[in-house]
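Numbering (the numbering used here), first residue to last: 1 to 655. C-beta: ideal position from N, C-alpha, C; glycine also. Contents: one structure, followed by commentary.
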């Protein structure tokens with residue numbers, strides 16, 4: 001199996017504040033038992049988090065939660081017995097299993113450090129060889145020295161499993177923060193861990209693209225903000241040449257892979273207006289050939305063969321139907337065969353394994369965070385292996401329906417509307433849930449724990465991809481820059497007006513709930529239209545733009561400061577800071593923060609809470625120890641969900 005570390009359009013965007021409003025005990029209320037049941041049902045730690053099928057079809061590698069750690073267990077498909085396992089001490093997490101030969105599975109090591117609840121990447125890959133039965137580090141960062149090199153402070157990730165070579169893999173080496181970010185690619189021998197450098201990037205902050213033979217032929221990255229370069233070479237022994245350079249207003253190219261014969265490159269090409277397109281570019285003649293385009297949305301997931309050759313695409317947006325460049329392709333045929341069995345789901349098909357050509361199938365949707373199956377093409381049988389959300393049927397959850405409407409200036413906007421389960425037609429209590437970011441992030445209409453909690457509790461949820469969101473092309477993304485508290489905020493107001501006009505909500509029956517930048521936007525919504533909203537919830541938010549950078553991680557690095565400046569624009573930051581608008585906020589507010597959050601430090605939350613209380617606003621606040629910019633520990637997630645639903649029941653009762 002192959003993984004391509006190739007930057008996408010999102011890597012150009014400054015998604016600095018993409019916090020999540022995730023799920024969360026408060027004083028008992030008449031509905032506390034009901035809330036507790038919902039939280040226990042939907043806020044869970046998956047027993048099985050990932051599945052990988054060996055190339056010979058004989059084994060399954062399962063990523064499994066085991067107390068305070070995560071392990072990899074390899075099962076024999078023939079009888080379900082355990083062939084081997086890989087796991088370490090407490091607070092260690094071995095994740096993302098990938099088979100790189102019929103006998104060897106690789107996985108990344110994460111570890112919990114200091115007081116943080118969430119584990120952090122270590123930059124170490126571990127291999128488990130079934131013939132040996134014991135796990136061993138493929139590389140070492142803990143010692144500060146990558147085996148076989150003089151590179152220090154370097155982490156590795158799998159770039160290419162080399163489908164035609166069972167003895168080696170390609171590793172993408174990246175210096176950790178604070179060191180020169182000039183990545184390299186090394187060929188690593190699986191049995192010994194010895195490495196040989198095969199590529200050094202000609203551009204900083206780069207990703208690489210390999211061809212079907214495992215040759216590293218493209219490096220693409222950003223030497224500075226608003227600059228994106230694509231470099232090309234004929235083979236591992238050739239020199240790099242600059243293929244394309246895009247500056248702020250240029251049309252960037254993002255290489256996604258090579259054709260099967262290695263003579264064409266598939267690019268995602270930005271357009272001056274409208275969404276990006278997929279186009280093949282001939283290497284010899286430089287001629288372009290259309291591969292795929294959509295009138296509204298960018299390409300999303302690119303489907304590939306086992307050696308990484310791109311063969312199809314699933315667009316961004318609510319439609320989860322995949323399109324293939326060649327309908328005769330065998331993967332396209334599998335998708336057609338699964339169309340009725342997995343209707344309405346986003347489907348990913350793994351490579352054919354073993355003599356039976358068994359394939360691992362992963363599916364997901366707005367009502368399913370992920371389910372793993374095995375597909376037998378001979379019997380047309382789909383065997384379910386595991387689901388991330390066990391014990392809850394899709395029919396028990398609410399569909400998130402794609403919507404579109406026009407903003408007051410005529411710009412077409414898209415998003416998702418989720419109505420409460422079992423609700424009759426007409427207005428219902430509504431939650432406006434702005435996504436974080438804000439630039440280069442989007443709501444995708446896939447499973448969202450908080451959305452489903454709210455829908456089960458009787459609330460409708462409105463999610464809006466306001467200008468600046470990704471998925472609609474470079475021009476739509478750029479339209480959000482400099483629009484904090486302005487056009488982006490007006491898009492949210494126009495979405496609420498649309499929902500009311502369509503009969504989904506009504507004035508005074510809304511609550512704004514958001515995380516990170518979404519918390520910022522939610523508090524401005526309360527200030528701008530207090531009559532529309534009954535309450536507001538801000539999580540890991542930023543509320544004072546005048547003090548934010550001096551205390552946050554984004555203020556410590558030049559490129560991050562420049563990116564923030566480009567996102568916010570040359571405006572009066574005090575004027576668009578929620579903390580300066582507390583006099584306009586009358587509705588009760590719930591605030592959550594992470595004690596170790598470096599992106600939006602908890603001081604942002606505590607200062608905002610003090611300012612609100614000074615103006616007589618009812619505030620409920622909690623800072624979670626050990627949490628950063630998001631919430632990881634299951635107990636904390638459940639506590640947050642409970643507090644959120646209890647707060648809503650008190651200030652915006654639902655049937």
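Original post:
With which residues is residue 174 paired in a DSSP beta bridge?
Top reply: 155
Original post:
Nearest to residue 83 by alpha carbon, out of 397, 62, 95 and 570?
Top reply: 62
**OP:** Using DSSP bridges, identify the partner residues of residue 376.
**Re:** In the DSSP output, where bridge partners are listed per residue, residue 376 has 381.
**OP:** Could you tell me whether the Cβ atoms of residue 197 and residue 170 are closer together than 7 Å?
**Re:** no
Original post:
Between the C-alpha atoms of residue 461 and residue 418, what's the straight-line distance to the nearest angstrom?
Top reply: 5 Å
Original post:
Less than 6 Å between the CB of residue 545 and some heavy atom of the ligand NAP, yes or no?
Top reply: The ligand NAP is not part of this structure, which contains no ligands at all.
**OP:** Please say whether residue 581 and residue 521 have beta carbons closer to each other than 7 Å?
**Re:** no
Original post:
Taking just the CA atoms, how far does residue 440 sit from residue 33?
Top reply: 39 Å
**OP:** Please report the residue range of the alpha helix (DSSP H) in which residue 490 lies.
**Re:** Unbroken alpha helix (DSSP H) run through residue 490: 487-501.
Original post:
So, helix, strand or coil for residue 260, using DSSP?
Top reply: coil
Original post:
Residues bridged to residue 84 by DSSP?
Top reply: Partner(s): 74.
Original post:
Using CA coordinates, which residue listed in 261, 508, 254 and 215 is at the minimum distance from residue 267?
Top reply: 254
Original post:
Per DSSP, what kind of secondary structure is residue 520 in: helix, strand or coil?
Top reply: For residue 520, the secondary structure class from DSSP, reduced to helix, strand or coil, is helix.
**OP:** Give the straight-line distance between the Cα atoms of residue 150 and residue 302, rounded to the nearest whole angstrom.
**Re:** Bear in mind that the predicted position of residue 150 carries a pLDDT of just 44, short of 50, making it too unreliable to give a figure here.
Original post:
Could you give the distance in angstroms between the alpha-carbon of residue 144 and the alpha-carbon of residue 379?
Top reply: Per-residue confidence for residue 144 stands at a pLDDT of 39, beneath the threshold of 50, marking its modelled position as unreliable; the derived number appears in the next sentence. Distance between the alpha carbons of residue 144 and residue 379 is about 51 Å.
Original post:
To which residues of the same chain is residue 221 closer than 7 Å at the C-beta, ignoring the five residues directly before and after it?
Top reply: If you ignore the 5 residues before and after residue 221, its C-beta comes within less than 7 Å of the C-beta of 7, 201, 203, 204, 205, 206, 207 and 229, all in its own chain and listed in chain order.
**OP:** Tell me residue 402's beta-bridge partners as DSSP assigns them.
**Re:** Partner(s): 416.
Original post:
Considering only residues of the same chain and omitting the five flanking positions on each side of residue 282, which have a CB-CB separation below 6 Å?
Top reply: Counting only Cβ-Cβ distances below 6 Å, and skipping sequence neighbours, we find 264.
Subject >> Inter-residue Cα distance where the pair is residue 139 and residue 72 >> reply: 18 Å
Original post:
In terms of residues, what are the limits of the alpha helix (DSSP H) holding residue 628?
Top reply: That residue, residue 628, is in no alpha helix (DSSP H); it is neither H nor E in DSSP.
**OP:** Please go through the same chain and pick out, in chain order, the residues whose beta-carbon is closer than 6 Å to the beta-carbon of residue 240, but skip the five residues on each side of it.
**Re:** Counting only Cβ-Cβ distances below 6 Å, and skipping sequence neighbours, we find 202, 231 and 233.
Original post:
So residue 442 and residue 465 are in contact, right, with Cβ under 8 Å, and what is the actual spacing, rounded?
Top reply: Contact holds; Cβ gap of about 5 Å.
Original post:
Can residue 467 and residue 488 be called in contact, C-beta distance under 7 Å?
Top reply: yes
Subject >> residue 653 and residue 586 closer than 7 Å at C-beta >> reply: no
Subject >> Cβ contact check for the region 590-598 and the region 612-623: 3 or more pairs under 8 Å >> reply: yes
Original post:
What first and last residue would you give for the alpha helix (DSSP H) that runs through residue 134?
Top reply: No alpha helix (DSSP H) contains residue 134, which DSSP labels as neither H nor E.
Subject >> Which of helix, strand or coil DSSP assigns to residue 40 >> reply: helix
Original post:
Pairing CB atoms from the region 106-117 with CB atoms from the region 84-95, are three or more of them under 8 Å?
Top reply: yes
Original post:
From residue 404 to residue 133, what distance separates their C-alpha atoms?
Top reply: 54 Å
Subject >> Separation of residue 117 from residue 454, as counted between CA atoms >> reply: 25 Å
Subject >> Rounded Cβ spacing between residue 463 and residue 533 (contact assumed at less than 8 Å) >> reply: With 8 Å as the limit, residue 463 and residue 533 do not qualify as a contact, their Cβ atoms being about 16 Å apart.
Subject >> Continuous alpha helix (DSSP H) stretch holding residue 452: start and end >> reply: Residue 452 -> alpha helix (DSSP H) spans 449-456.
Subject >> Own chain residues within Cβ distance below 8 Å of residue 81, not counting five before or after >> reply: So the list reads 75, once near-sequence residues are dropped.
Original post:
Ends of the alpha helix (DSSP H) at residue 334?
Top reply: 330-338
Original post:
In the DSSP assignment, what residue or residues form a beta bridge with residue 121?
Top reply: 110
Original post:
Between the C-alpha atoms of residue 65 and residue 289, what's the straight-line distance to the nearest angstrom?
Top reply: 46 Å
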